[in-house]
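Below: the structure, in structure tokens.
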Amino acid sequence: MVQVRVAGVALDASGQHVLLLKPVDQIPGDGLVLPIWIGQLEATSILVAVENAEVPRPLAHDLMGLMLAALDASATRVEVTRIEDGTFFAEITISTPLGDRIVDARPSDAIALASRVAAPMWVADDVLAEAGVPDVLTETDASERLDEFKRFLDEVEPEDFDG
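If you count the sequence shown from 1, position 72 lands on 72 in UniProt numbering, and the numbers rise without skipping.
What follows is the structure, given as structure tokens:
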């Protein structure tokens with residue numbers, strides 16, 4: 001397993017959101033990055049957590065963290081464990097008073113939760129080897145994405161999170 005961090009959320013050429021996971025020991029523009037295509041709501045949730053943005057009401061992943069805390073449990077580890085036919089699979093390790101439990105999850109949900117509760121994130125070596133791509137991100141790219149997200153937060157309305 002390789003420990004990773006959220007390097008960003010980007011849009012591909014067709015406008016789909018892509019979560020970018022990067023090994024923690026590599027600098028931007030070096031090594032590999034793991035792209036995982038995710039939905040718009042999941043992308044927003046991850047960016048809200050990574051940027052510590054204020055939201056008017058808890059999002060679903062905030063609720064997950066609150067529920068774990070209320071049950072005296074915590075998410076202690078997230079792993080992207082495998083890829084099958086282009087679909088990524090993840091697991092969340094939850095520490096409870098009755099012992100550790102492992103829960104199957106979509107990577108986007110697992111990463112969104114981990115980003116809120118500071119759980120370490122890991123990717124299986126073979127997943128990174130199979131689906132990782134060379135990292136060509138520059139500091140300018142990262143700054144532009146951050147500016148784009150800040151503009152989004154300025155324009156978003158509370159009703160956008162209803163549901």
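Even glycine gets a Cβ: it sits at the ideal position worked out from N, Cα and C.
None of these values were measured; they are calculated from a predicted model.
*In the structure shown, what three-state DSSP assignment does L66 receive?*
helix
ask   = Excluding the five sequence neighbours on either side, which residues of its own chain have a C-beta within less than 6 Å of the C-beta of D72, listed in chain order?
value = Within the same chain, D72 has close Cβ partners P97.
Extent of the continuous alpha helix (DSSP H) run through A129: Secondary structure note for A129: its alpha helix (DSSP H) is the uninterrupted segment 125-131.
Q.
Taking the straight line between their C-alpha atoms, what separation do you get for P56 and A114?
A. C-alpha separation (whole angstroms): 21 Å.
_Looking at the strands, I want to know which residues DSSP matches up with T87._
E84
- [ ] Can you tell me the Cβ-Cβ gap for V18 and A10, rounded? I've got them flagged as a contact below 8 Å.
- [x] 5 Å
Judging by CA-CA distance, which residue of E79, S108, A118 is the nearest neighbour of A124?
E79
Residues that DSSP places opposite P134 in a beta bridge = L32
Item to check | N- and C-terminal bounds of the beta strand (DSSP E) containing residue 167 | outcome: Lying outside 1 to 163, the shown extent of the chain, residue 167 is not represented and no answer is given.
Same chain, Cβ closer than 7 Å to V2, neighbours up to 5 away in sequence not counted: P23, W122, V123, D125, L128
(message) For a test of the three-state rule: what should DSSP assign to L19, helix, strand or coil?
(response) DSSP places L19 in strand when its eight states are reduced to three.
> How is the beta strand (DSSP E) around G46 delimited, first residue to last?
Replying inline: Going by the sequence as given, residue 46 is Ile instead of Gly. From DSSP, I46 is part of no beta strand (DSSP E) but of the alpha helix (DSSP H) over 40-50.
ask   = Where do the ends of the beta strand (DSSP E) carrying D100 lie?
value = 99-105
Which residues in the same chain as A90 place their Cβ atom closer than 7 Å to its Cβ, once the five residues preceding and following it in sequence are excluded? V78, E79, V80, T81, A105, R106, P107, A110
Grab me the residues of L68's own chain with a C-beta within less than 8 Å of its C-beta, minus the 5 sequence neighbours each way, in chain order.
-> Closer than 8 Å at Cβ, skipping near neighbours: S74, A75, I94, V117.
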